[in-house]
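Shown next, in structure tokens, is the structure this report addresses.
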Amino acid sequence: MSRRLTVQSDVYSFGIVLLELITGRKAIDSTRPQGQQSLVEWARPFIDHRKFAEIADPRLQDQYPMRGLYQAVAVACMCIQEQASARPLIQNVVAALSRLTND
Numbered sequence: 059m060s061r062r063l064t065v066q067s068d069v070y071s072f073g074i075v076l077l078e079l080i081t082g083r084k085a086i087d088s089t090r091p092q093g094q095q096s097l098v099e100w101a102r103p104f105i106d107h108r109k110f111a112e113i114a115d116p117r118l119q120d121q122y123p124m125r126g127l128y129q130a131v132a133v134a135c136m137c138i139q140e141q142a143s144a145r146p147l148i149q150n151v152v153a154a155l156s157r158l159t160n161d
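Mapping the sequence shown onto the numbering used here, position 74 (from 1) lands on 132, and the numbers just tick up by one.
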């Protein structure tokens, strides 16, 4: 938002990439209807209401561990906090993802 590249903006960008992987959607997709063009804008209501399965890439056909999905979404949510100061350090993101792969 500040148009400056910072460690916090890198963490935000990583969160977007992680959301893209989880959902199978692009960060910005102008071919989608209004309100669904921004991945964060589209996903946030599902995340806020803990409807994580509804944002999972439908091409996965529900063939994933639900706990892993929840953990991946939680990591993405930490990264895309609006307030940069609320975002985790990248080391904490890596640690969270490492625990995810070890479960």
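Ideal placement from N, C-alpha and C gives every residue a C-beta, glycine not left out. Note that the structure is a prediction, hence the values are computed from the model and not measured.
Minimum Cα-Cα distance from Tyr128 among the listed residues Ile113, Arg61 and Thr89 corresponds to Ile113.
Ala111 is positioned such that its CB atom lies no closer than 8 angstroms to that of Leu97.
Cβ contact annotation for Arg117 (same chain, cutoff 7 angstroms, sequence separation greater than five): Gly82, in chain order.
Scanning its chain for C-beta atoms nearer than 8 angstroms, with the 5 sequence neighbours on each side dropped, one finds around Ser88 the residues Gln95, in chain order. Pairing Leu155 with Val133, the inter-Cα distance amounts to about 8 angstroms. Beyond the five residues adjoining it in sequence on each side, Gly93 comes within less than 8 angstroms, by CB distance, of Glu99 and Trp100 in the same chain, given in chain order. For the pair of segments examined, the segment 67-76 was found not to touch the segment 120-127: the number of CB pairs separated by less than 8 angstroms stays below three. Approximately 12 angstroms separates the beta-carbon atoms of Ile105 and Cys137; this is outside 8 angstroms, ruling out the contact.
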